[in-house]
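**Student:** The following block contains the structure, expressed as structure tokens.
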Amino acid sequence: MTDEPQSSSQRIGFVSTRISGTDGVSLEVEKWAHVLEAMGHTCFYVAGQSDRPAERTFLIPEAHFTHPTIKQINRLCFEGGRRTLHLTAEIHETAWIIKQRLYDAIEKFKLDVVIAENCLTIPMNIPLGIALVETIVETGLGCIAHHHDFVWERERFLVNAVEDYIRFAFPPALATMQHVAINTKAARDFSRNTGLSCRVIPNVMNFDEPPAPLDDYASDFRETIGLTSDDILILQPTRVVPRKGIEHSIELIAQLKDPRAKLVITHAYGGGVTSHSGQAAARFGAGTN
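For the sequence shown, the working numbering begins at 73 and goes up steadily by one.
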């Protein structure tokens, strides 16, 4: 993507379960919107929760993965057992509610293009995925499906009662849809698992802009976690799971050959270091704490 203004502006709607806070999806939505607005487009937000400008936001409560109906559907879909007639009906009834609201959002904002942010990637909200796919097909809207992590990367989705819905919407194969992954490995896995083409737009930071000044929480962060003023803090703000590429960070630290370099990973998985990251640390001669 480029910051150069374009002659034909579009009204673009980001659709997700949640566009709020500091999760990876919400942060990337902000970056994409910044670039798209600089190109002359206008961005809007359709989600179950949003902290974006109210005048450009359309809330659909059932689109959030914490909505009571969605939590109940997920529990029945992914905790074993066969799908019942009642569960199928509840999924379709909820999808119908969401679809009506999607149509309302499209009409209100006069949307030209939809960017589906991870909501056609992992089945955190099955009715939303179904509703969005049907809406795209029925309206003919162009759609970019921005994929952050896939269903096959999450063990809890492997055993389910909704394989047909997963194949239908997570991700879908539509002529009007372009698929985007956040790195080359994810794109290769996507194409291998779906047979569809996929572009790569990596998650990046703007290093031309200085970081924000330290707030009260960050002012003593280094001291709190046991680093000295001479240590070089290398921060990876992710969980320790294989798809986050922890081994690459560990290899980077090893290649620096500087005892002051300290890798800090903000979120553990299962309360500690996984065997995956432990093996990587051993391979590159790094310790873990």
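Ideal placement from N, C-alpha and C gives every residue a C-beta, glycine not left out.
Computed from a prediction, not measured in an experiment: that's the story for all the values here.
In the segment 126-154, which residue ranges form an unbroken beta strand (DSSP E) of at least 3 residues, counting only runs that do not cross its ends?
**Tutor:** With a minimum length of 3 residues, the continuous beta strand (DSSP E) runs that stay inside the segment 126-154 are 129-131.
**Student:** Give a yes or no on whether the C-beta atoms belonging to residue 321 and residue 190 are separated by under 8 Å.
**Tutor:** Taking the sequence shown and counting its residues from 1, one reaches residue 321 at position 249. Taking the sequence shown and counting its residues from 1, one reaches residue 190 at position 118. Not a contact, by the Cβ cut-off of 8 Å.
**Student:** Is there a Cβ from chain C that is less than 8 Å from the Cβ of residue 307?
**Tutor:** No chain C appears in the structure shown, which is made up of a single protein chain.
**Student:** Could you tell me the distance, in whole angstroms, from the CA atom of residue 123 to the CA atom of residue 96?
**Tutor:** Your numbering for residue 123 matches position 51 in the sequence shown. Your numbering for residue 96 matches position 24 in the sequence shown. Their backbone Cα atoms lie some 14 Å apart in a straight line.
**Student:** Between 297, 284, 332, which lies nearest to residue 304 when the distance is taken from Cα to Cα?
**Tutor:** The count along the sequence shown starts at 1 and reaches residue 304 at position 232. Ranking 297, 284, 332 by Cα distance to residue 304 puts 332 first.
**Student:** Could you tell me the distance, in whole angstroms, from the CA atom of residue 334 to the CA atom of residue 306?
**Tutor:** What you label residue 334 is simply residue 262 of the sequence shown in a count that begins at 1. What you label residue 306 is simply residue 234 of the sequence shown in a count that begins at 1. Roughly 6 Å separates the two Cα atoms.
**Student:** Note down the Cα distance separating residue 81 from residue 162, rounded to an integer number of angstroms.
**Tutor:** Against the sequence shown, residue 81 aligns to sequence position 9. Against the sequence shown, residue 162 aligns to sequence position 90. C-alpha separation (whole angstroms): 39 Å.
**Student:** Quick one, which of 128, 238, 340 has its alpha-carbon nearest residue 314's?
**Tutor:** As a working mapping, residue 314 is identified with position 242 in the sequence shown. It is 340.
**Student:** Give me the Cα-Cα distance between residue 220 and residue 98, rounded to the nearest whole angstrom.
**Tutor:** For this step, residue 220 is matched to residue 148 along the sequence shown. For this step, residue 98 is matched to residue 26 along the sequence shown. Rounded to the nearest angstrom, the two C-alpha atoms are 11 Å apart.
**Student:** Taking the alpha helix (DSSP H) that residue 81 belongs to, which residues open and close that run?
**Tutor:** Along the sequence shown, read from residue 1 onward, the residue named residue 81 stands at position 9. Residue 81 -> no alpha helix (DSSP H), and no H or E assigned at all.
**Student:** Ignoring anything shorter than 3 residues, give me the beta strand (DSSP E) runs that lie fully in the segment 248-312, in order along the chain.
**Tutor:** With a minimum length of 3 residues, the continuous beta strand (DSSP E) runs that stay inside the segment 248-312 are 249-253, 304-311.
**Student:** Buried or exposed: residue 343, going by 16 or more other Cβ atoms within 10 Å of its Cβ?
**Tutor:** For this step, residue 343 is matched to residue 271 along the sequence shown. Confidence in residue 343 is poor, its pLDDT being 45 and thus under 50, which makes the residue's placement unreliable; the coordinate value appears in the next sentence. Residue 343 is exposed by the Cβ-count criterion.
**Student:** Taking buried to mean at least 16 other C-beta atoms within 10 Å of its own C-beta, is residue 227 buried or exposed?
**Tutor:** The count along the sequence shown starts at 1 and reaches residue 227 at position 155. It is exposed - the Cβ of residue 227 has fewer than 16 other Cβ atoms within 10 Å.
**Student:** Can you tell me where the alpha helix (DSSP H) holding residue 164 begins and where it ends?
**Tutor:** Looking up residue 164 in the sequence shown gives position 92. Residue 164 -> alpha helix (DSSP H) spans 157-181.
**Student:** When DSSP builds the beta bridges, which residues end up paired with residue 103?
**Tutor:** Numbered from its first residue, the sequence shown carries residue 103 at position 31. Paired residues: none, contrary to the question.
**Student:** Does DSSP put residue 228 in a helix, in a strand, or in coil?
**Tutor:** On the sequence shown, position 156 is the one that residue 228 refers to. Note: residue 228 maps to helix in three-state DSSP.
**Student:** May I ask you to list the residues that DSSP assigns as paired with residue 339?
**Tutor:** The residue given as residue 339 occupies position 267 in the sequence shown. In DSSP, residue 339 forms a bridge with 311.
**Student:** Shortest alpha-carbon distance to residue 159 belongs to which of 84, 126, 147?
**Tutor:** By one-based count along the sequence shown, residue 159 stands at place 87. Ranking the options by Cα distance to residue 159, first place goes to 147.
**Student:** Is residue 234 helix, strand or coil by DSSP?
**Tutor:** Position 162 of the sequence shown, counted from the first residue, corresponds to residue 234. DSSP places residue 234 in coil when its eight states are reduced to three.
**Student:** For the alpha helix (DSSP H) holding residue 185, just list the boundary residues, first then last.
**Tutor:** By one-based count along the sequence shown, residue 185 stands at place 113. Residue 185 -> not in any alpha helix (DSSP H); beta strand (DSSP E) instead, spanning 185-189.
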